[in-house]
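For the protein sequence lines, the chains are A and B, in the order given. Under my numbering, the residue at position 21 of the first sequence is numbered 21, and the numbers go up by one with no gaps. Start counting at 1 in the second sequence, then tack on 270, and there's your number in my numbering. Beta carbons are placed, not taken as given, at the ideal position from N, Cα and C, and that holds for glycine. In this text the structure is predicted, and so the values were computed from the model without any measurement.
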Amino acid sequence: MEGLIFDMKRYAIHDGPGIRTTVFLKGCPLRCRWCHNPESQAGGQSMMHSVQKLDGHEFNADHTVGERITPQEVIRRVMRDRMFFDDSNGGVTFSGGEPLLQADFLIECLRLAKEAGLHTTVDTAGAVALDPEKLDKICDLTDLFLYDVKTVDPERFSTWIGKGFDHVVANLKHIAKRGNQVLARIPVIPGVNNDPESISAISRFLDELGLRYVEMLPFHRTGSDKYERLGMEWGMGDAKSLTKKDLVPLKEQMAAELPGVVFADDQRKA
Amino acid sequence: MTPRIQKLRQESLDAVNRITAERGKLVTDFYKSGVAAAEPVPVQRAMCFDYILSNKHIYVGEGELIVGERGPAPKATPTYPEINIHSEEDLKILNDREKVSFKSDEETRKVYRDEIIPFWEGHSNRDRLFASLPQEWQDAYAAGIFTEFQEQRAPGHTALGLKMFRTGLLDLKKEIAESMANLDMVNDPEGLDKKDELRAMDIVCDAMIKYANRHADELDKLAKAEKDPKRKAELEEMARICRKVPAHAPETIHEALQHYWFIHLGVVTELNPWDSFNPGRLDQALWPIYEKQLAEGTIDKETARELLSAFWVKFNNHPSPPKVGVTAQESGTYTDFCLINVGGVKPDGSDGVNPMTYLILEVIKEMRLLQPSSMAQVSRKNPDKYVRAVIDIVKTGFGQPSIFNTDAIVQEMLRAGKDIVDARNGGCSGCVETGAFGTEAYILTGYFNLPKILELTLNNGFDTRTGKQLGLKTGDPRDFKTYDELFEAYRKQVQHFMNIKLMGNNIIERIFMKNMPVPFLSVLIEDCIKNGKDYMCGGARYNSSYVQGVGLGSITDILTSLRYHVYDKKDISMDTMLDALEKNFEGYEELQRKLVYETPKFGNDDDYADEQATAVFDMYYDSVNGHKTPRGGQYRVNMLPTTCHVYFGSVTGATPDGRKSGKTLSEGISPSQGVDTCGPTGVIKSCAKIDHIKTGGTLLNQKFTPSLLETEQGQQGVLHLIRSYFKMDGHHIQFNVVNADTLRDAQKHPENYRDLIVRVAGYSDYFNDLSVDLQNEIITRTEHENF
């Protein structure tokens, strides 16, 4: 069996507990306008323009994004940092793209990771129609879900993000019901959810599912230059990057509306 | 920071670095007088020491709590004409150069012109060395294959042990008398030498006690004249302390710091030893005294903090003594490599972190001074809370403290045959050099240019830069059929030059043994008194000499590139490679790109590349380790560059890793600048593949941008990086926390960044004092911002 990945990052310290290696699976059903990994969206290999500089000379270094790889090879590479995982209670995170899109490959990777004794995290937006049995299997093998909750307004979802809103809700409900640990990650995006109404709606939604573990991530323009290199169009216009400070009122509001909420970044500090 | 400390600190920062002829003239006067001409060398040197301390100016700064200066005032830097003589031209260059200047006035130059230069010219120790070193040594030295530490400064490289914080010089005088009484002048062929040495030791103890009393007298005088009752009481207390220490063992924090400071002044006045001198495990030394005083209620934390801060300022008053024969470009550094240790383990091996450890860390953070440098020993037994307190300072970005692995240091020392308690009482001094504090003379002898020797191997032993056949004729590399043949030729060349280096070291060590004994340093280091032997002559309990390998990352990438392209993939012929190197990649830009971007590199946890690192390291180790030195010590290896990788790069032509001629080499065991692309865990894994325990120190520099350390996860991540690296026996790691834009701006607007301190290699320096090359290198070192 092979899957398609587009990157592996070692010393990932923001994708779950401890020091981790994050494996980025390629292909995503969504087209979030702010996506900072646009090279991850297409389901096959894609070309990316790039330039290498050396002593004043410039070289064209266009390259293919996407590597076909077996789950065994993924875990072999991940295990190179075993020492760091052990020390920090870290492990492996599968992100994307959308990892659920390659469910069989993901299951096999997770199975091997658990066999190797690693803490496993799956970072998903959930917009995939999944056979409940497969989702159960994934739940069995996953210690922590980082689950994107971008908006709970179906219209906004289709305007800014794309198709699959119902799957996002159904899958999260399924996971929450099973009692898996879930960190709801809210990318705070101007025009999408950085208003009190959106935060209220998200708070109510999380409350219904019994989810209290939340992280807000400020929008940033980091990915914008990649669009040009991929021949794609950046969908956020001139929208400015947000800072952690911009999130403070939203966090305060959520804290008031969702009693018992724990923000991941505050918790780590404590 | 109290107003007093603020003032003293600012005065130290503002004081102008200058040359004083005080010591030079006193030494000259002493030898001119001929009073000691009939005495043996150690006694002559002891009497000279006494003469200097009896006649040098006593300086007490306004508001000072710890007294004593090496020169007549802060930053007035003495010279050591018996070791090397500054010519008038040297003084002029030092005065005029833009960076790391030392001012000298006409009066100073006149003393030099009329008295110092005429008396010493032709028979300084440096003159002796160069007269004795054979041509092949001089050729290799001139070609930049190795450097020589003892050419301009005396061997030192040591730190005070815990014993001396519990001992007064009067106690030592008793030990000296005992050792003298035990001499067997009938049967011991060295009896007379020992007697002379012990006499010298006794003289220097008295000289130092007198010197302390001169300070007491001056303080009494100042106290009498003082109107402010508070300061008057302080001055009286300081006078009392100066009459007590270092003659007697200290019993308060104030006494202990003043005690050490007098000892420090003695060591750096006797000669100009490398790394000045070092209080070693300061928190371990001070804690029992502090604990007792806290219990008695005779000190509080703020008083202790102020005393420590005043102590810190004293180190900053002492720039490293400037070299001779300098050029305008060769700016060097003001840092004198005193490295204060905190943390680690106690003599019984248990966790050594105590409240004094944390207080010293707070002082380091507040003082933010270039000197003294500081390091944190981290044992697996030390709590995370302590490591986090260290990271809390690291993230402020002034390059201190550097972080060391106690458990590896102890293993390194055990491997070298040291006693377990001596090992636990040790640490690192200078940049990263392991030593048993208070019991070992561990001497660095010079840097060794590993990439340059590969360049010579590719030219059949010929150095194109100097136009000389310096190496062996190991054959035309076009004829090598396999990578192993190439490596074997390289190995032969390394051993050839190492033999030249070691032979030179032996000559130099012998010259120091005969001519430059240091009775004062000797009384401080155990068992010199017992053995009746000088520090220079093997009197210490342990004696090691190091040759420091430079350019591990570069030589690994060079060998990997040859193995990969010429022998394995065969996509570049040796002939093409040699032509590209000769032409410095002119017309070979695409090939150079391939070498840089499409070749496995050290620092990415890639076994293909890292195999060359371990092979070179083992080969280098074998070329040095275990050879005997004249004073009865053993040669060992270190892997650290200070700033020598810049100089070594400047004499090394284009290399097969795609590096152009003259460019900087990699530093320490860090990967070549910018080639580590898979993050800090990759770097750490690569660096852990060499066997650190076989060394006396390795240096790994990781540049982090501030953003990586801002968050809780970031700081916790660094904690785990350190813990993991140390579990893998890594010796040392340091973090440079700055971002490249800040540094670029600092290059453009140095005036706005006068306080910008960056980690260079084994030490920190003001960014503005670095050469443009070194500045550029620091900017290009990989930033791990994206991880």
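Query                                                                                                                                                                                            : Result
Could you check what DSSP says for Leu527/B in three-state terms: helix, strand or coil?                                                                                                         : helix
Would you mind reading off the limits of the beta strand (DSSP E) that contains Lys973/B?                                                                                                        : Asn971 to Phe974
Any C-beta of chain B sitting closer than 9 Å to the C-beta of Arg10/A?                                                                                                                          : yes
Below 7 Å on C-beta distance, what does Phe59/A contact in chain B?                                                                                                                              : Arg863
Does the distance from the CB of Val122/A to the CB of Leu110/A come in under 9 Å?                                                                                                               : yes
Please state whether DSSP places Met271/B in a helix, a strand or coil.                                                                                                                          : coil
Counting contacts by CB-CB distance shorter than 9 Å, is Phe855/B in contact with chain A?                                                                                                       : yes
Hey, out of Pro312/B, Val305/B and Gly819/B, whose CA is closest to Phe782/B's CA?                                                                                                               : Pro312/B
Could you work out which residues of chain B lie near Arg76/A, taking near to mean beta carbons separated by less than 9 Å?                                                                      : Those within 9 Å of Arg76/A in chain B number zero; the least Cβ separation is about 12 Å.
Mapping the DSSP letters down to three states, classify Ala12/A as helix, strand or coil.                                                                                                        : strand
DSSP has Ile698/B in a bridge; who is on the other side?                                                                                                                                         : Before going on, a small fix: residue 698/B reads as Cys here, not Ile. DSSP lists Thr704/B as partners of Cys698/B.
Starting from the C-beta of Glu521/B, find all residues in its chain whose C-beta is less than 6 Å away, skip the five residues before and the five after it, and write them out in chain order. : none
Distance, Cα to Cα, Phe165/A vs Phe1037/B?                                                                                                                                                       : 54 Å
Once DSSP output is grouped into helix, strand and coil, what is the label at Leu843/B?                                                                                                          : At residue 843/B the sequence reads Ser, which differs from the Leu that was named. Three-state DSSP puts Ser843/B in coil, outside helix and strand.
Check whether the Cβ of Ser224/A lies closer than 9 Å to any Cβ atom in chain B.                                                                                                                 : no
Taking Cβ-Cβ distances shorter than 7 Å, what residues in chain A pair up with Ser994/B?                                                                                                         : Met83, Phe84 and Asp87
Given a limit of 9 Å on CB to CB distance, which residues of the segment 19-49 of chain A reach chain B?                                                                                         : Ile19 and Thr21
Looking at the secondary structure, which residues open and close the beta strand (DSSP E) in which Glu215/A lies?                                                                               : Tyr213 to Pro218
Assess contact between the segment 913-924 of chain B and the segment 1042-1050 of chain B, defined as three or more Cβ pairs (one per stretch) separated by less than 8 Å. Is contact present?  : yes
At the 9 Å Cβ level, is Cys512/B part of the contact set with chain A, yes or no?                                                                                                                : no
Considering only heavy atoms of the ligand PLP, does any lie closer than 8 Å to the CB of Pro516/B?                                                                                              : This structure simply doesn't include the ligand PLP, nor any ligand for that matter.
Between Asp265/A and the rest of its own chain, which residues show a CB-CB distance below 6 Å, the 5 nearest in sequence each way excluded?                                                     : none
Using three-state DSSP, classify Val894/B as helix, strand or coil.                                                                                                                              : helix
Between Glu632/B and chain A, is the shortest Cβ-Cβ distance under 9 Å, so that the two count as touching?                                                                                       : no
Closest to Asp476/B by CA distance: which of Arg367/B, Cys318/B and Met844/B is it?                                                                                                              : Cys318/B
Whole angstroms is fine: what's the gap from Ala401/B's alpha carbon to Gly923/B's?                                                                                                              : 30 Å
Whole angstroms are fine: how far does the CA of Ile690/B sit from the CA of Asp618/B?                                                                                                           : 9 Å
Mark Asn769/B as exposed unless 16 or more other C-beta atoms lie within 10 angstroms of its C-beta, in which case mark it buried.                                                               : exposed
With a threshold of 8 Å, are at least 3 pairs of Cβ atoms found where one atom belongs to the segment 823-833 of chain B and the other to the segment 931-950 of chain B?                        : yes
Considering just the uninterrupted stretch of the beta strand (DSSP E) at Asn719/B, what are its terminal residues?                                                                              : Glu710 to Asn719
Examine chain A for any beta-carbon lying closer than 9 Å to the beta-carbon of Lys803/B, and answer yes or no.                                                                                  : no
CB-CB under 7 Å to Gly667/B, same chain, minus the five flanking residues each way: which ones, in chain order?                                                                                  : Pro976, Val1007 and Val1008
9 Å is my cut-off, CB to CB: does Ile175/A come that close to chain B?                                                                                                                           : no
Just by C-beta distance, which residues in the segment 813-844 of chain B are closer than 8 Å to chain A?                                                                                        : none
Can you pull the chain A neighbours of Glu253/B, defined as C-beta to C-beta under 7 Å?                                                                                                          : Nothing in the structure corresponds to residue 253/B, since chain B is present only between 271 and 1057.
Strictly below 7 Å CB to CB, what residues from chain B border Arg80/A?                                                                                                                          : Asp875 and Lys955
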